[in-house]
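Student: Numbering (full-length UniProt numbering), first residue to last: 1 to 307. We put the beta carbon where it would ideally sit given N, CA and C, even for glycine.
Structure follows, in structure tokens:
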């Protein structure tokens with residue numbers, strides 16, 4: 001029987017990688033088959049590599065081409081974030097926690113919940129179907145939830161996320177707060193990489209009324225590691241905006257401990273973006289914006305409503 005590739009979005013983050021692995025296992029168990037194969041649509045980021053090494057689990061293989069492949073999508077549904085070469089008619093299912101911008105002409109399985117991470121949804125599927133979660137997947141699911149909810153600090157966090165994180169932490173004898181801080185410290189290692197790698201550490205394309213936007217996010221425990229590199233990052237943002245025909249590119253740099261962000265934006269949209277977020281320029285970036293943590297809930301909706 002033809003394989004079905006379970007894949008997340010381009011520029012994979014921890015939730016999308018863990019979701020592909022966990023959902024492939026879940027579907028194989030539920031459907032009593034072995035045709036579901038996990039894959040990453042790109043290289044894993046620093047945080048993801050750290051987590052998989054920390055818990056001694058092998059990363060899924062990289063799958064960059066979707067042509068003539070049947071696909072089950074995790075953690076995304078927008079065309080701009082999908083694997084290259086995909087055909088909408090080859091998509092057999094989606095599990096996601098983002099807003100939907102998906103059109104097709106065939107029936108398919110869609111599992112969507114307004115929760116803080118796709119991993120929370122998949123954990124819930126295991127529980128409801130009474131399918132045992134492999135021991136090696138449990139800490140990965142916990143880390144993915146902690147990453148996507150910013151250790152329960154993000155406004156995307158729901159009571160369901162909090163309950164599952166506490167339940168998993170207790171079952172694994174892991175202090176979820178300490179593990180979360182450990183994860184975000186590992187993420188800070190990205191600040192030592194090339195500017196392009198920093199920008200694309202967690203980067204997504206969005207089709208918004210005014211055109212195509214690229215929005216990256218960098219979540220750190222301290223801005224000190226990255227502030228001196230804003231100039232070179234902005235140069236890369238300008239180059240990519242021109243070469244790839246974006247209307248503009250933003251990088252949201254989030255301080256998870258002080259619970260707020262600063263924004264870097266390309267010149268063409270900088271004044272407009274700073275106005276929308278009621279902030280001013282301070283050096284190469286915006287002033288600190290208290291409470292701004294979530295790209296999904298606090299950035300993309302404002303752009304959709306205002307541009």
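Only counting the same chain, and skipping five residues up and downstream in sequence, which positions put a Cβ closer than 7 Å to that of residue 186?
Tutor: Translated into the one-based positions of the chain shown, residue 186 becomes position 186. The residues are 46, 47, 50.
Student: Please name the residue or residues paired with residue 96 in a DSSP beta bridge.
Tutor: Counted from its first residue, the chain shown places residue 96 at position 96. DSSP output for residue 96 lists 112 as bridge partner(s).
Student: Helix, strand or coil for residue 215 per DSSP?
Tutor: For the purposes of this step, residue 215 is taken as the residue at position 215 of the chain shown. Looking at residue 215 - three-state DSSP - the assignment turns out to be strand.
Student: List, from N- to C-terminal side, the alpha helix (DSSP H) runs of 4 residues or more that fit wholly inside the region 137 to 203.
Tutor: Qualifying alpha helix (DSSP H) stretches, in chain order: 137 to 148, 159 to 171, 176 to 187, 195 to 199.
Student: How is the beta strand (DSSP E) around residue 39 delimited, first residue to last?
Tutor: The residue given as residue 39 occupies position 39 in the chain shown. Element bounds for residue 39: 36 to 39.
Student: Less than 8 Å between the C-beta atoms of residue 138 and residue 168, yes or no?
Tutor: Locating residue 138 in the chain shown gives position 138, where the first residue counts as 1. Locating residue 168 in the chain shown gives position 168, where the first residue counts as 1. Yes, they are a contact pair.
Student: The alpha helix (DSSP H) that contains residue 271, what's its start and end?
Tutor: Sequence index remark: in the chain shown, residue 271 carries index 271 (1-based). First-last of the alpha helix (DSSP H) with residue 271: 267 to 276.
Student: Nearest to residue 80 by alpha carbon, out of 205, 235, 246, 268?
Tutor: If you number the chain shown from 1, residue 80 lands on position 80. Nearest option by C-alpha distance: 205.
Student: Which same chain residues end up closer than 6 Å to residue 100 when comparing Cβ atoms and leaving out the 5 residues on each side of it in sequence?
Tutor: Here residue 100 corresponds to residue number 100 of the chain shown, with the count starting at 1. Hits under 6 Å: 77.
Student: When the Cα of residue 34 is compared with those of 179, 146, 143, 1, which residue comes out closest?
Tutor: Here residue 34 corresponds to residue number 34 of the chain shown, with the count starting at 1. With distances taken between Cα atoms, residue 34 lies closest to 1.
Student: Beta carbon of residue 277, beta carbon of residue 253: below 8 Å?
Tutor: Within the chain shown, numbered from 1, the residue matching residue 277 stands at position 277. Within the chain shown, numbered from 1, the residue matching residue 253 stands at position 253. No, these two residues do not count as a Cβ contact at 8 Å.
Student: Can you tell me which of 88, 27, 126, 156 puts its alpha carbon nearest to the alpha carbon of residue 291?
Tutor: The residue given as residue 291 occupies position 291 in the chain shown. Considering only alpha carbons, the answer is 156.
Student: Beta-carbon separation of residue 262 and residue 293 under 8 Å?
Tutor: On the chain shown, position 262 is the one that residue 262 refers to. On the chain shown, position 293 is the one that residue 293 refers to. No; because the gap between Cβ atoms is not below 8 Å, this pair is not in contact.
Student: Where does the unbroken beta strand (DSSP E) through residue 5 begin, and where does it stop?
Tutor: Taking the chain shown and counting its residues from 1, the one referred to as residue 5 is at position 5. Unbroken beta strand (DSSP E) run through residue 5: 4 to 7.
Student: Leaving aside the five residues before and after residue 65 along the sequence, list all residues of the same chain whose C-beta is less than 8 Å from its C-beta, in chain order.
Tutor: As a first step, residue 65 must be located in the chain shown, where it is residue number 65. Cβ within range, chain order: 83, 84, 85.
Student: Considering only C-alpha positions, which residue in the set 240, 25, 38 is nearest to residue 132?
Tutor: If you number the chain shown from 1, residue 132 lands on position 132. Nearest option by C-alpha distance: 25.
Student: Mind checking which residues open and close the beta strand (DSSP E) that includes residue 250?
Tutor: Translated into positions along the chain shown, residue 250 becomes position 250. Unbroken beta strand (DSSP E) run through residue 250: 248 to 255.
Student: Please go through the same chain and pick out, in chain order, the residues whose beta-carbon is closer than 7 Å to the beta-carbon of residue 15, but skip the five residues on each side of it.
Tutor: For the purposes of this step, residue 15 is identified with residue 15 of the chain shown, where counting begins at 1. For residue 15, where only same-chain residues beyond five positions count, the Cβ hits under 7 Å are 75, 117, 118, 119, 144, 147, 148.
Student: Just mark residue 105 as buried or exposed, buried being the case when its beta carbon has 16 or more other beta carbons within 10 Å.
Tutor: Locating residue 105 in the chain shown gives position 105, where the first residue counts as 1. Residue 105 is exposed by the Cβ-count criterion.
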